[in-house]
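Sequential numbering of the sequence shown, starting at 23, is according to our numbering.
Glycine included, every Cβ here is placed at the ideal spot set by N, Cα and C.
Notes follow the structure.
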Amino acid sequence: ALLGAFVWWERRAAEPIIPLRLFRNSVFAVSNTLAFITGTVMFGALIFLPLYLQSVRGVSPTISGLRLLPMLAGVLLTSIGSGQLVSRWGRYKGFVIAGTLILTLGVAVMTQITVTTSAWPLAGMLFIVGLGLGLFMQILVVAVQNAVPLSDMGVGTASVTFFRTLGGAVGSAVLGAVLILKETSSLPHYQHIYGASSPVAVHHAFTFGMDQAFVYALPVAALSFVLSFLLREVRLRSGSDVPRSSPTPEALV
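See the structure below:
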């Protein structure tokens, strides 16, 4: 209902937040769909893993935050490298395909987290996810900037961030609901094994719920890999493609 109301309002607004005509551009539509999926998976990892580390592994909030650094390292490594290669080669679609594939593999591996998973395997999982995200997260911005008219470049750039954030909000809510539902339903089983008052039962139930949340996120990540093949590659603009405005009389004075 809210989406319908948003579309209705945008179609009638004199200055819409996101001009709906831009969605006729396949690069704009596919890139923002991928950004939405990226937010769903990325924010899920950023929200659930600190809870797991603190409640199950017993580390402090500071340490749980530091243990997310491998994902950041992966993002930095591939985002810098892919950006330089895209600038040199003028092609970006291959990086999006590779990035979404690696992201899907990373999510698949994260479904195997247990109550005894140590820091190094978890760091490796996060690093894989970061490698995938870094390969295509910022390239989506470049693809949109390159595909929309120059007059819409600001809107196009902001739209990628908007849909990534929107995906994070939706993903956190939906996957969080999955986690709570699966944790609650599995808790009696683990209480029967470890005892009704045992914290170990709660640890196992929470970890099972988190794993199931990543199981639900896996087909979403796989969908991004499929959609990446639909991304149309448009030749990157060069400086000669940008029209130069003639100086105004005031500027000549």
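CA-CA distance, residue 77 to residue 41, rounds to 44 angstroms.
Shortest Cα-Cα distance from residue 200 to any of 138, 236 and 64 involves 236. The closest CA to that of residue 193, considering only 178, 129, 65 and 47, is found on 65.
Runs of the alpha helix (DSSP H) lying entirely within the region 102-149, each at least 4 residues long, are 115-132 in chain order. Counting every other CB atom within 10 Å of its CB across the protein chains shown gives residue 134 a total below 16, marking it as exposed. Taking the Cβ atoms as the reference, residue 246 lies roughly 25 angstroms from residue 230, outside the contact range of under 8 angstroms. For the pair residue 234 and residue 223, the CB atoms are not nearer than the 8 angstroms cut-off.
Residue 196 and residue 242 have their C-alpha atoms roughly 12 angstroms apart. In this structure, the beta-carbon distance from residue 181 to residue 56 does not fall below 8 angstroms. A Cβ-Cβ distance of about 3 angstroms is found for the pair residue 154 and residue 125, placing them in contact under the 8 angstroms criterion. Collapsing the DSSP output to three states places residue 99 in a helix. If you check the CB distance, residue 216 and residue 165 do not come in under 8 angstroms. Taking C-beta atoms as the reference points, residue 73 and residue 90 fail to come closer than 8 angstroms. The residues 72 and 76, in chain order, have a CB closer than 8 angstroms to that of residue 83 in the same chain once the five nearest residues on each side in sequence are set aside.
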